[in-house]
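Last residue of the sequence shown: 380 (the numbering used here), numbering continuous. For each residue, glycine too, the CB sits at the ideal point set by N, CA and C. Take a look at the structure below.
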Amino acid sequence: MKFNTKVIHAGVHPDSATGAIMTPIYQTSTYVQDEIGVHKGFEYSRTGNPTRSALENSIAAIENGKYGACFGSGLAAIDCVVKMLSPGDEVISTNDLYGGSYRIFKTIFEKYGIKFHFVNMIDIENIRSAINEKTKLIWVETPTNPMMNIIDIKAVSDLAKQNNIWVGVDNTFATPYLQRPLELGADIVMHSVTKYLGGHSDVVMGALVTSNDDIAEEIYRIQNSSGAVCGPMDSFLVLRGIKTLHLRIQRHCENGKKIAVFLKNHPIVDEVFWPGFENHPNHHVAKSQMSDFGGMVSFTLKGDDLEKAKKIVSLTKLFTLAESLGGVESLIGHPSTMTHASIPREERLKSGVKDSLIRLSVGVEDAEDLVNDLSNAMT
Ligand SMILES: *Cc1c(COP(=O)(O)O)cnc(C)c1O
2 MKFNTKVIHA
12 GVHPDSATGA
22 IMTPIYQTST
32 YVQDEIGVHK
42 GFEYSRTGNP
52 TRSALENSIA
62 AIENGKYGAC
72 FGSGLAAIDC
82 VVKMLSPGDE
92 VISTNDLYGG
102 SYRIFKTIFE
112 KYGIKFHFVN
122 MIDIENIRSA
132 INEKTKLIWV
142 ETPTNPMMNI
152 IDIKAVSDLA
162 KQNNIWVGVD
172 NTFATPYLQR
182 PLELGADIVM
192 HSVTKYLGGH
202 SDVVMGALVT
212 SNDDIAEEIY
222 RIQNSSGAVC
232 GPMDSFLVLR
242 GIKTLHLRIQ
252 RHCENGKKIA
262 VFLKNHPIVD
272 EVFWPGFENH
282 PNHHVAKSQM
292 SDFGGMVSFT
302 LKGDDLEKAK
312 KIVSLTKLFT
322 LAESLGGVES
332 LIGHPSTMTH
342 ASIPREERLK
352 SGVKDSLIRL
362 SVGVEDAEDL
372 VNDLSNAMT
């Protein structure tokens, strides 16, 4: 099955009891057993729920993996990955990681004896020199937030395989429509389903996908033992969201490109960060591992004008001021005072997050309306 067919059909079957074409919301905690140990595959909804199972199979299919597992949030999915490790193990991750991922690594898992190294992964040599005999996992995010840095998943995976290390990829920004890390050699794919997979800003959820039997067994053991699962209603909403993933992402990409080009030609804009530009660092990697460049665009203003940036984010009308991304509606954010406010200014500037940096999650509205909205706010 090709991708555009999978989003509609993979993992879902008409309900055997009623013929309902859509997977019902099995809003139940437990399941009647015919006799002790004889049941229809479901015993208790932490362990398994039919609506969640359908979604898990759907997400596994679109990532071209064998196994899927869904969680109460993206961070709950990352929590599960790190719980596969043991005290003394080491993890190498990107230096401009999603803030919540950094926080769970540093403030939750470091005290259990797991060590984290944060390196600039644009250059693979930085990963190579951080590897030692304790390295168990390389955690990649690409494109990154908000600088849109691109990391070569295949090169990282090749390096990891030589050293018997797992590679996990946070594929939230790209989605499997644009990039499928398992096909490039990664062992685990993670999603904040909250973003593009859900796609409508109405659910918080996470997911993991793998094709490795041993990793899958561990994921399901931890999912059931730690219990950070998502509910059937949310699973239903995401099953519905995924059916239009291909259509939405196509439009996100078209609109993202138009906005990026508009910004590049705007007199008050300094730099535009969008992996589709030929001079974007690692543009050639983005071109080879992604089928298009997505709907996330960041930009800075000339003179790094903080006051002007604050004014712009307050003046746009269609681009609404909010955290998060990946919904059908366009959002605007100001990382240095919002998502990245907890990072000391010096550190922030080192990774390129200037005071005037503005991040856009370009939605699927009419592109001309979006350009006009920005244009009005930027005059
Ligand atoms: C939002 C996000 C997360 C965390 O997911 P939640 O669903 O908010 O827990 C992780 N990684 C990236 C790239 C994100 O954008």
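- request: Compute the minimum distance between the beta carbon of Asn133 and the heavy atoms of ligand 1, and state whether it is under 7 Å.
  value: Position 132 of the sequence shown, counting from 1, holds the residue named residue 133. Distances taken from the Cβ of Asn133 to the heavy atoms of ligand 1 include none shorter than 7 Å.
task: Compute the Euclidean distance between the alpha carbons of Thr301 and Met2, then round it to the nearest angstrom.
output: For the purposes of this step, residue 301 is taken as residue 300 along the sequence shown, with counting starting at 1. For the purposes of this step, residue 2 is taken as residue 1 along the sequence shown, with counting starting at 1. One C-alpha to the other measures close to 42 Å.
query: Within the present structure, is the beta-carbon of Asn146 separated from the nearest heavy atom of ligand 1 by less than 7 Å?
result: As a working note, residue 146 is residue 145 in the sequence shown. Checking the Cβ of Asn146 against ligand 1 gives yes.
- prompt: Tell me which same chain residues have a C-beta within less than 6 Å of the C-beta of Ala131, skipping the five on either side of it?
  reply: Here residue 131 refers to the residue found at position 130 of the sequence shown. Only Ile93, His118, Val120 meet the Cβ criterion.
field: Simplified DSSP assignment, three categories, for Gly199
entry: Against the sequence shown, residue 199 aligns to sequence position 198. It is coil, neither helix nor strand.
query: DSSP beta-bridge partners for Thr211?
result: Counted from its first residue, the sequence shown places residue 211 at position 210. DSSP lists Tyr68, Ile189 as the bridge partner or partners of Thr211.
For Glu111, three-class secondary structure by DSSP: Residue numbering aside, residue 111 sits at position 110 when the sequence shown is read from its first letter. Look at Glu111 here: in three-state DSSP terms it is helix.
task: Using three-state DSSP, classify Glu44 as helix, strand or coil.
output: The sequence position of residue 44 within the sequence shown is 43, counting from 1. Here Glu44 sits in coil by DSSP.
- request: Name, in chain order, the residues that DSSP records as bridge partners for His118.
  value: Translated into positions along the sequence shown, residue 118 becomes position 117. Beta-bridge pairing links His118 to Ile93.
- prompt: How is Ile139 classed by DSSP in three states: helix, strand or coil?
  reply: Mapped onto the sequence shown, residue 139 falls at position 138. Here Ile139 sits in strand by DSSP.
query: Thinking C-alpha only, which one of Val33, Val365, Asp370 is nearest His201?
result: In the sequence shown, the residue the question calls residue 201 occupies position 200. Cα-wise, what sits closest to His201 is Val365.
task: Hey, could you find the ends of the beta strand (DSSP E) Leu302 is sitting in?
output: Residue mapping note: residue 302 aligns to position 301 of the sequence shown, counting from 1. Unbroken beta strand (DSSP E) run through Leu302: 297-302.
task: Assuming Glu142 contacts Leu76 (C-beta within less than 8 Å), just tell me the rounded distance between them.
output: Sequence index remark: in the sequence shown, residue 142 carries index 141 (1-based). Sequence index remark: in the sequence shown, residue 76 carries index 75 (1-based). Not confirmed; about 13 Å, so no contact.
task: Per DSSP, which residues does Ser343 bridge with? Please list them.
output: What you label residue 343 is simply residue 342 of the sequence shown in a count that begins at 1. Answer is none; Ser343 lacks a bridge partner.
- prompt: What are the residues that DSSP puts in a beta bridge with Ile359?
  reply: Taking the sequence shown and counting its residues from 1, the one referred to as residue 359 is at position 358. Ile359 is bridged to Phe300.
- prompt: Quick check: the segment 46-60 against the segment 226-239, are there 3 or more CB pairs under 8 Å?
  reply: Of all C-beta pairs linking the segment 46-60 to the segment 226-239, three or more are shorter than 8 Å, placing the two stretches in contact.
query: For Asn96, which residues from the same chain have a beta carbon less than 7 Å from its beta carbon, with the 5 sequence-adjacent residues on both sides left out?
result: Along the sequence shown, read from residue 1 onward, the residue named residue 96 stands at position 95. Counting only Cβ-Cβ distances below 7 Å, and skipping sequence neighbours, we find Phe119, Val120, Asn121, Ser352.
message: I'd like to confirm something about Glu64: is its beta-carbon nearer than 7 Å to some heavy atom of ligand 1, or not?
response: Translated into the one-based positions of the sequence shown, residue 64 becomes position 63. No, the beta carbon of Glu64 sits no closer than 7 Å to any heavy atom of ligand 1.
- request: Provide the residue(s) that pair with Val168 in DSSP beta bridges, ordered along the chain.
  value: Counted from its first residue, the sequence shown places residue 168 at position 167. Ile139.
task: Could you have a look at Gly277 and say whether DSSP puts it in helix, strand or coil?
output: Looking up residue 277 in the sequence shown gives position 276. Correct three-state label for Gly277: coil.
message: So if DSSP puts Leu332 in a beta bridge, which residue, or which two residues, is it bridged to?
response: The residue given as residue 332 occupies position 331 in the sequence shown. In DSSP, Leu332 forms a bridge with Thr321, Ser362.
- prompt: Between which two residues does the alpha helix (DSSP H) carrying Ser293 extend?
  reply: Indexing the sequence shown from 1 puts residue 293 at position 292. A small correction: the amino acid at residue 293 is Asp; Ser does not occupy that position in the sequence shown. Looking at the DSSP string, Asp293 is not in any alpha helix (DSSP H), and its letter there is neither H nor E.
task: Output the distance between the C-alpha atoms of Ser227 and Thr145, rounded to the nearest integer angstrom.
output: The residue labelled residue 227 in the question sits at position 226 within the sequence shown. The residue labelled residue 145 in the question sits at position 144 within the sequence shown. Cα to Cα, Ser227 sits roughly 28 Å from Thr145.
query: Anyone know if the C-beta pair for Asp90 and Ile115 falls short of 8 Å?
result: Taking the sequence shown and counting its residues from 1, the one referred to as residue 90 is at position 89. Taking the sequence shown and counting its residues from 1, the one referred to as residue 115 is at position 114. A contact, by the Cβ cut-off of 8 Å.
- request: Work out the CA separation of His247 and Ala175 for me, nearest whole Å.
  value: Here residue 175 refers to the residue found at position 174 when the sequence shown is read from its first residue. Here residue 247 refers to the residue found at position 246 when the sequence shown is read from its first residue. Cα to Cα, the separation comes out at about 12 Å.
- request: Name the two residues that bound the continuous alpha helix (DSSP H) containing Leu326.
  value: Taking the first residue of the sequence shown as 1, we reach residue 326 at position 325. Looking at the DSSP string, Leu326 is not in any alpha helix (DSSP H), and its letter there is neither H nor E.
query: Which residue's Cα is closest to the Cα of Asn172: Leu183, Thr317, Ser30, Lys162?
result: Numbered from 1 along the sequence shown, position 171 holds the residue referred to as residue 172. The option with the nearest alpha carbon to Asn172 is Leu183.
query: Roughly how many angstroms lie between the CA atoms of Leu371 and Ala229, to the nearest whole one?
result: For the purposes of this step, residue 371 is taken as the residue at position 370 of the sequence shown. For the purposes of this step, residue 229 is taken as the residue at position 228 of the sequence shown. C-alpha of Leu371 to C-alpha of Ala229: approximately 38 Å in a straight line.
field: Straight-line Cα distance separating Phe4 from Phe197
entry: Residue numbering aside, residue 197 sits at position 196 when the sequence shown is read from its first letter. Residue numbering aside, residue 4 sits at position 3 when the sequence shown is read from its first letter. Per the sequence presented here, residue 197 reads as Tyr, with Phe not at that position. If I take the Cα positions, the gap works out to 16 Å.
- request: Can you say whether Asp203 is buried or exposed, counting buried as having 16 or more other CB atoms within 10 angstroms of its CB?
  value: If you number the sequence shown from 1, residue 203 lands on position 202. Label assigned to Asp203: exposed.
- request: Report the three-state DSSP secondary structure of Thr31 (helix, strand or coil).
  value: For the purposes of this step, residue 31 is identified with residue 30 of the sequence shown, where counting begins at 1. Of the three classes helix, strand and coil, the one that applies to Thr31 here is strand, per DSSP.
- prompt: With DSSP run on the structure shown, which of helix, strand or coil describes Glu272?
  reply: Along the sequence shown, read from residue 1 onward, the residue named residue 272 stands at position 271. Glu272: strand per DSSP, three-state reduction.
query: Between the segment 179-195 and the segment 210-221, do at least 3 Cβ pairs fall closer than 8 Å?
result: Yes, they touch.
- prompt: Taking 7 Å as the line, does the beta carbon of Tyr178 fall inside it for any heavy atom of ligand 1?
  reply: On the sequence shown, residue 178 is found 177 positions in, with the first residue counted as 1. Taking the Cβ of Tyr178 as the reference point, every heavy atom of ligand 1 lies at 7 Å or farther away.
query: Is DSSP giving Glu134 helix, strand or coil here?
result: Residue numbering aside, residue 134 sits at position 133 when the sequence shown is read from its first letter. Under the three-state reduction of DSSP output, Glu134 falls in the coil class, being neither helix nor strand.
- request: Have a look at Tyr113 and Asn256 and give me their C-alpha separation to the nearest angstrom.
  value: Here residue 113 corresponds to residue number 112 of the sequence shown, with the count starting at 1. Here residue 256 corresponds to residue number 255 of the sequence shown, with the count starting at 1. If you draw a straight line from the Cα of Tyr113 to the Cα of Asn256, it comes to about 44 Å.
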